[in-house]
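Contents: one structure, followed by commentary.
Below, the structure written as structure tokens:
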């Protein structure tokens with residue numbers, strides 16, 4: 003049965019109303035600015051020190067070897083971004099999302115990242131020395147040989163994280179960090195007061211490296227293997 007022109011027009015309007023709306027393409031050529039869209043862009047080996055990227059969409063962006071020292075990435079979404087050997091030293095990243103990033107040997111030294119998420123991130127040999135990480139989440143993160151010297155770990159979550167050979171020995175915290183099911187093979191905890199730490203079990207302590215000044219939660223005891231020998235790399 004033939005359809006009148008008016009019926010065809012109405013059908014076209016209905017189909018248009020339910021058609022998927024194409025997401026706007028990322029503006030990879032734009033200059034750094036708050037809330038920009040660099041999703042899936044390649045920004046490798048650039049000098050972006052001090053850039054203001056607050057609230058930016060940086061999902062999947064490749065920042066390998068890029069210098070973002072002192073940048074503002076507060077509340078930015080960097081999920082699945084690549085930050086291999088990148089520097090965010092001294093950056094402001096409160097509330098930022100670094101979940102599932104790849105950041106082998108990246109520098110987060112002195113970063114201000116309270117409340118940030120590094121959940122599921124690849125952070126082997128990353129440098130968090132002097133970082134402020136109160137309330138940050140490293141749940142299920144890979145942190146082999148990561149350095150947290152003088153980092154603030156108040157309420158930081160390491161649940162299910164791999165902390166093999168990570169160095170927490172110079173860290174400070176006012177509220178207890180959380181270590182539920184964290185893998186702590188040769189994790190350096192010398193000198194730390196972990197008496198209020200949450201989630202610690204004897205099996206974790208038996209694998210870790212403490213010393214006579216390490217304070218443990220009630221019911222846990224120092225293994226006879228303490229202190230561990232110093233590492234030489």
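Residue numbers (this note's numbering): 3 to 235. All C-beta atoms in this analysis are idealised placements derived from N, C-alpha and C, irrespective of residue type, glycine included. Please read all numbers here as calculations on a predicted model, not as lab measurements.
Distance check between residue 28 and each of 61, 213 and 52 places 61 closest, using alpha-carbon atoms only.
The Cβ neighbour count for residue 186, taken over all protein chains shown within 10 Å, is at least 16; the residue is labelled buried. Judged by DSSP secondary structure, residue 204 falls within the alpha helix (DSSP H) whose first and last residues are 204-209. With distances taken between CA atoms, residue 176 lies nearest to 196 out of 169, 162, 191 and 196. Of all alpha-carbon atoms in 208, 230, 233 and 228, the one lying nearest the alpha-carbon of residue 222 is that of 208. Here residue 217 carries a strand assignment [DSSP, helix/strand/coil].
A distance of 8 Å or more separates the beta carbons of residue 54 and residue 84. Assigned with DSSP and collapsed to three states, residue 56 falls in coil, not helix or strand.
Collapsing the DSSP output to three states places residue 190 in a strand. Within its own chain, the residues whose Cβ lies closer than 6 Å to the Cβ of residue 159, once the five positions on either side in sequence are excluded, are 139, 141 and 180, listed in chain order.
DSSP places residue 75 outside both helix and strand once states are collapsed to three, so it counts as coil. Around the Cβ of residue 47, a 10 Å sphere holds fewer than 16 other Cβ atoms; the residue is exposed. Between residue 110 and residue 128, the C-beta gap is smaller than 8 Å, which places the two residues in contact. Within its own chain, the residues whose Cβ lies closer than 6 Å to the Cβ of residue 36, once the five positions on either side in sequence are excluded, are 54, 56 and 57, listed in chain order.
With fewer than 16 other beta carbons inside 10 angstroms of its own, residue 233 counts as exposed. Bridge partners of residue 154 according to DSSP: 134 and 174. In the three-state reduction of the DSSP assignment, residue 185 falls in the strand class, which pools E and B. Between the alpha carbons of residue 108 and residue 216 lies a distance of about 29 Å. Residue pairing by DSSP places residue 124 opposite 104 and 144 in a beta bridge.
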